[in-house]
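A quick write-up on the structure given underneath.
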Amino acid sequence: VAAEKGEYRHFMQKEIHEQVRSLTDTLAGRVDFDEGQIRLPQLNLTPDLARRIQKIIITACGTAAHAGMVGKVLIERIARIPVEVDIASEFRYRDPIVDQNTVVLAISQSGETADTLAAMDEGRKRGAVLWSIVNAIGSQAMRIADGYISMQTGPEIGVASTKAFTAPLVDLYMLAVLLADLRGVLDSTRRKQLVSDLRLIPDLVGRCLDRENEIIPVAREMKYIRNMLYLGRGINMPIAYEGALKLKEISYIHAEAYPAGEMKHGPIALVDRDMPVLAIAPQDPWYEKMISQIEQAKTRGGSVIVVATEGDTRVPELADHVFWVPPTPWLLSPVVTVIPLQLFAYHIASLRGLDVDQPRNLAKSVTVE
Ligand code: G6P
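The numbering of the sequence shown is the UniProt record's numbering, which starts it at 245 and goes up by one.
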């Protein structure tokens, strides 16, 4: 097993670094950069079906559900189809409103999560079109779907999911562009722009990984904290949830995520010197709002770490630490903003000497309810 980890101490760290490759593979064969077209043949998406869809319900558990939350913003923004995101264990028991013009889209690394499969069955019973985005080839979630997108990440071993989070973000973006195109809501200039932006992704992720050494000292400083509050808005709000989940899973530090605009309705009461705040504030349409949220956290004495875009001059004046990401088209920004948060959680757990790849009480795939 040691050999398979190569130069890395843990599978999780190796898998974080594999994202340049997995995202390159995610694009390969799907994106025609010359024509500005997306091809997802295994989805079996006809123009007829694309026009008939009235609602998409994304259902998943854990990290996959956070990818789905980003997918909601992408599909609604690009394809203008209403999207709900439903935790699979909730969807299956809620008597959901689903018909033959509804797509139930499951996202699952393993393709074997019991709640997610049950949610798919529920969708099937009610006549929905069933799609899945799955990593494990030949898994149940792939077999029972009417169409699927196969994540091109290779096997993921670390219990805390990393490369199987960023791949579905890109899959969902491609899906949104394809749906928009088939429904005739994209002019060709915009379509070509959205498609050509994809080309940047592996390199931008690589540039985030090159900054790993800037994250380690912050992890060292923070490794004995008891709590942490993660804040984000808009398309990066789910990244706050995902960053907090990574920290909880492998370092056993209590981390809570909030849509930053909700701070004033409760969580701001928690912010003091013992409650560090991690804010995600890249150059996206919510940037100004995030800046004022960071100011508020700062005045209450909390230590603030901010994920910000290279070249930003306002964030360094406010933040105690900055995790830099390269400038990225905002619809793809979650793919880069999550990278420093994966590395931060990884290094905290690793510095604490914890069993990063097999955290206590957790399983890679939960095949019972
Ligand atoms: C488990 C894993 C998580 C994962 C979740 C969903 O809880 O520990 O990392 O996100 O299951 O798994 P799936 O295979 O359906 O993506």
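Every residue gets a Cβ at the ideal spot worked out from N, C-alpha and C, and that includes glycine.
The structure displayed is predicted, hence computed values, not measured ones.
Checklist line | Pick from D330, R321, K299 that is closest to A309, judged by C-alpha positions | finding: For A309, the nearest C-alpha among the options comes from D330.
Item checked: Spatial neighbours of G312 in its chain, beta-carbon cut-off 6 Å, leaving aside the 5 residues before and after -> If the five residues before and after G312 are omitted, its C-beta is found closer than 6 Å to the C-beta atoms of I302, A304, V329, I351, all from its own chain and listed in chain order.
Next item on the list: Note down, in chain order, each residue of its chain lying with its Cβ closer than 6 Å to the Cβ of E366, except the 5 sequence neighbours on either side.
Entry: If you ignore the 5 residues before and after E366, its C-beta comes within less than 6 Å of the C-beta of R336, all in its own chain and listed in chain order.
Margin query: Please determine whether the Cβ atom of A411 lies at a distance below 7 Å from any heavy atom of the ligand G6P.
Written below: A411: no, Cβ never under 7 Å from the ligand G6P.
Check: Could you give the residue range of the alpha helix (DSSP H) that holds K436?
Finding: Here the alpha helix (DSSP H) through K436 covers 432-442.
Item checked: Meets three-Cβ-pair contact criterion under 8 Å: the segment 265-278 and the segment 439-459 -> Of all C-beta pairs linking the segment 265-278 to the segment 439-459, three or more are shorter than 8 Å, placing the two stretches in contact.
Notebook entry, point to check: With 16 as the cutoff for other CB atoms within 10 Å, does D454 come out buried or exposed?
Noted result: Under this definition D454 is an exposed residue.
Next item on the list: Grab the span of the alpha helix (DSSP H) containing S333 for me, first residue to last.
Entry: Per DSSP, the continuous alpha helix (DSSP H) segment holding S333 begins and ends at 332-335.
Next item on the list: Rank I381, I401, I341 by C-alpha distance to the C-alpha of E356 and give the top, closest one.
Entry: Measuring from the Cα of E356, the nearest candidate turns out to be I381.
Item checked: Delimiting residues of the beta strand (DSSP E) encompassing Y474 -> In the DSSP assignment, Y474 falls within the unbroken beta strand (DSSP E) covering 471-476.
Item checked: Nearest neighbour of A362, chosen from G505, A389, D343, T346 [CA to CA] -> Among G505, A389, D343, T346, the Cα nearest to that of A362 is on A389.
Checklist line | Helix, strand or coil at K375 [DSSP, three-state] | finding: This sequence places Trp at residue 375; Lys is not what is there. In the three-state reduction of the DSSP assignment, W375 falls in the strand class, which pools E and B.
Next item on the list: Within its chain, find whatever has a CB closer than 8 Å to the CB of L293; leave out the 5 residues flanking it on each side and keep chain order.
Entry: If we look at L293 and ignore the five residues flanking it on each side, its Cβ neighbours are V373.
Checklist line | For P529 and L289, the rounded distance between their alpha carbons | finding: Roughly 31 Å separates the two Cα atoms.
Item checked: As assigned by DSSP and simplified to three states, the class of Q602 -> Note: Q602 maps to coil in three-state DSSP.
Check: According to the Cβ coordinates, are R435 and G280 closer than 8 Å?
Finding: Contact check for R435 against G280 passes: the beta carbons are separated by less than 8 Å.
Next item on the list: Apply the 10 Å Cβ neighbour rule to Y502 and answer buried if 16 or more other Cβ atoms are within range, or exposed otherwise.
Entry: Y502 should be labelled buried.
Item checked: C-beta contact flag for L267 and A404 at 8 Å -> Result no, Cβ atoms of L267 and A404 do not sit closer than 8 Å.
Checklist line | Candidates Q286, V521, L475, K608: closest to Y531 by CA position | finding: Ranking Q286, V521, L475, K608 by Cα distance to Y531 puts L475 first.
Check: If you check the beta carbons only, do I260 and Y590 fall under 8 Å apart?
Finding: Taking 8 Å as the Cβ cut-off, I260 and Y590 qualify as a contacting pair.
Next item on the list: Work out the CA separation of V378 and Q353 for me, nearest whole Å.
Entry: If you take the alpha carbons of Q353 and V378, they lie about 5 Å apart.
Next item on the list: Measure the alpha-carbon distance for V579 versus E486 and round it to whole angstroms.
Entry: A direct Cα-to-Cα measurement between V579 and E486 gives close to 12 Å.
Item checked: Helix, strand or coil at V245 [DSSP, three-state] -> Because the pLDDT of V245 is 49, which lies under 50, any placement of that residue in the model is unreliable, and the number read from its coordinates should be weighed accordingly. V245 falls in the coil class under three-state DSSP.
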